[in-house]
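K.L.:
Attaching a single structure in structure tokens format; questions to follow.
2 protein chains.
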Amino acid sequence: MNPEALVDEQMPLISQYYPDPDGIYTQFVPQPGAAKTKARRRRRKSKGIEGVMRKRKLSSEQVKMLEECFGSEQKLESDRKERLAAELGLDPRQVAVWFQNRRARWKSNKLHEEYSKLKSDHHTAVLHKCRLETELLKLKEQLHEAEKEIQRLSDGFSSNSPCSSFSMEVGAPFLGEFGMEGLENVFYTSDQNYSAHGMEWDNLYYM
Amino acid sequence: MNPEALVDEQMPLISQYYPDPDGIYTQFVPQPGAAKTKARRRRRKSKGIEGVMRKRKLSSEQVKMLEECFGSEQKLESDRKERLAAELGLDPRQVAVWFQNRRARWKSNKLHEEYSKLKSDHHTAVLHKCRLETELLKLKEQLHEAEKEIQRLSDGFSSNSPCSSFSMEVGAPFLGEFGMEGLENVFYTSDQNYSAHGMEWDNLYYM
DNA sequence: CAAGAGCATGTAATTATATCA
DNA sequence: ATGATATAATTACATGCTCTT
């Protein structure tokens, strides 16, 4: 099934390394968000498990460019890839990888976004449902009162007034079908996604 | 702010590479899901952009072990880390990294899960809301009929019957407050998170 | 306060498959 | 069948925060 040896030359003979157009390694990224950074000791050698120190982090220039491109088109044709790579002094492969990762990130962000949206929609819906339940109860009570009133009024006099047509028309069936059914679920559903999930991830995103 | 040079030794002098306890490279992973895999050509040299070859997959044995540990406890104390690392023939650092990545993955999965759950809850709630709206309409109609009936009945006779106490008690205010308000939102909310995501993602990132 | 350990998060890069021209 | 690109999952690294000693 797999005749090919996967490794036919073993370890790196470091060939090339890139110019550092932007002080990638020495470049600090003072995030505007953190005010109390104390910028303490930095790791000094950070050689990885393989004993190699690798280049990481694209420069902010590069990222900006890439983001722009990504904004206009998530996909990446060879053309653009080559062009971009040349323009940014990157390996085309890196550009491809960047786009792939960016798409993944995009999906993840979208999920978070959609989740919050859905959550708030749900909350709204549940609140609304509660109000409806309440209103429904009131209405039922009103109706009951009205029926009693009708009963009272018609009892006092002739007994075969159009009253009968009323209670046949819109009476019991509906009430029977739904009854109080709603109320049992109101709080159940409203609690469900609100205070429940005891874990963390619920408030970790805000974009 | 950053007196320290981050790089004090530059490129890889490949030092160590790992024993291959499990035929990592030759090991095929016949995923139970994919039936029509054709397993074509394999990468042969895979040296990275920097000319370094790295990142071997952990063997399935190792992963299995790690998963077990993770299952019993997501966090990882030095003890366990060292022990595990020794047991699996891995660098303790790798074990730590694995756990970090695993926790991240766990959160991501959790989010997916919660999202589906919430979505179906929302769907249910919206359906319920629809039914309530419908029932409400019916009830209002009934009530209206009843009131007409009462009107009719009381018109024919004395004009100051207890009827007044009824309409004061549970009459207009509630109906006025809610009215038809509900129906406008029912379908709106249900559509919202379904087909939308247009093309805004370019500005939702980069915080 | 400072040095360290562990963790969360973001990001780069690799591996494994799938799909398509 | 080949090669390029895509997605998903992984492995690893960088950085900042928090808590402990």
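Those protein sequence lines, which keep their order, are chains A and B.
According to my numbering, the first sequence is numbered sequentially starting from 1.
According to my numbering, the second sequence is numbered sequentially starting from 1001.
All residues carry an ideal CB built from backbone N, CA and C; glycine is no exception.
Beta-carbon of Ser1060 of chain B versus every beta-carbon of chain A: anything under 8 Å?
P.N.:
Chain A contact via Cβ: absent.
K.L.:
I believe Phe1099 of chain B touches Leu1076 of chain B by the beta-carbon criterion, under 8 Å. Please report the beta-carbon distance rounded to the nearest angstrom.
P.N.:
That pair is a contact at about 5 Å.
K.L.:
Return the CA-CA distance between Gln1062 of chain B and Leu1088 of chain B, expressed in angstroms with no decimal places.
P.N.:
Whole-angstrom Cα-Cα distance: 6 Å.
K.L.:
What are the start and end residues of the alpha helix (DSSP H) that includes Leu111 of chain A?
P.N.:
Here the alpha helix (DSSP H) through Leu111 of chain A covers 92-155.
K.L.:
Determine the chain B residues that contact Val126 of chain A at a beta-carbon separation under 7 Å, and present them in chain order.
P.N.:
Under the 7 Å cutoff, chain B gives Ala1125.
K.L.:
Throw me the rounded Cβ distance for the Ala125 of chain A and Lys1110 of chain B pair, which I believe falls under 8 Å.
P.N.:
The Cβ separation is near 23 Å, so there is no contact.
K.L.:
In angstroms with no decimal places, state the Cα-to-Cα distance between Arg1083 of chain B and Ser1116 of chain B.
P.N.:
Their backbone Cα atoms lie some 38 Å apart in a straight line.
K.L.:
Can you tell me which of the three DSSP states Gln1062 of chain B falls into?
P.N.:
DSSP places Gln1062 of chain B in helix when its eight states are reduced to three.
K.L.:
How is Gly71 of chain A classed by DSSP in three states: helix, strand or coil?
P.N.:
Note: Gly71 of chain A maps to helix in three-state DSSP.
K.L.:
Exposed or buried, what is Gln1027 of chain B when buried is set at 16 or more other beta-carbons lying within 10 Å of its beta-carbon?
P.N.:
Caution is warranted here: a pLDDT of 34 is assigned to Gln1027 of chain B, below 50, making its placement in the model unreliable, and the coordinate value is therefore given only provisionally. Label assigned to Gln1027 of chain B: exposed.
K.L.:
Look at Glu1149 of chain B and Ile150 of chain A and say whether their C-beta atoms are less than 8 Å apart.
P.N.:
Yes.
K.L.:
Apply the 10 Å Cβ neighbour rule to Lys1045 of chain B and answer buried if 16 or more other Cβ atoms are within range, or exposed otherwise.
P.N.:
Model confidence at Lys1045 of chain B stands at a pLDDT of 48, short of 50, so the residue's coordinates are unreliable; what they give is reported in the following sentence. Counting Cβ neighbours within 10 Å, Lys1045 of chain B comes out exposed, since fewer than 16 surround it.
K.L.:
Nearest-angstrom Cα distance between Arg108 of chain A and Leu66 of chain A?
P.N.:
Reading off the sequence, residue 108 of chain A comes out as Ser, not Arg. Approximately 19 Å between the Cα atoms of the pair.
K.L.:
Going along the chain, which residues of its own chain have a beta-carbon closer than 6 Å to the beta-carbon of Gly1179 of chain B, five neighbours each way excluded?
P.N.:
With a pLDDT of 40 at Gly1179 of chain B, under the threshold of 50, the modelled position of that residue is not reliable, and no figure is offered here.
K.L.:
Use the C-beta contact count for Ala146 of chain A: other C-beta atoms within 10 angstroms, 16 or more gives buried, fewer gives exposed.
P.N.:
Buried, since its Cβ has 16 or more Cβ neighbours within 10 Å.
K.L.:
Spatial neighbours of Lys1081 of chain B within its chain, please: C-beta separation below 7 Å, excluding the five flanking residues on both sides.
P.N.:
Cβ within range, chain order: Pro1092, Val1095, Ala1096.
K.L.:
Taking 8 Å as the threshold (C-beta atoms), are Lys1119 of chain B and Leu118 of chain A in contact?
P.N.:
Yes, the pair counts as a contact, with Cβ atoms nearer than the cut-off.
K.L.:
Name, please, each residue of chain B whose Cβ falls closer than 8 Å to the Cβ of Glu133 of chain A.
P.N.:
Within 8 Å Cβ-Cβ: Leu1132.
K.L.:
State the Cα-Cα distance for the pair Arg102 of chain A and Ala1086 of chain B, rounded to the nearest angstrom.
P.N.:
Taking the straight line from one Cα to the other gives about 36 Å.
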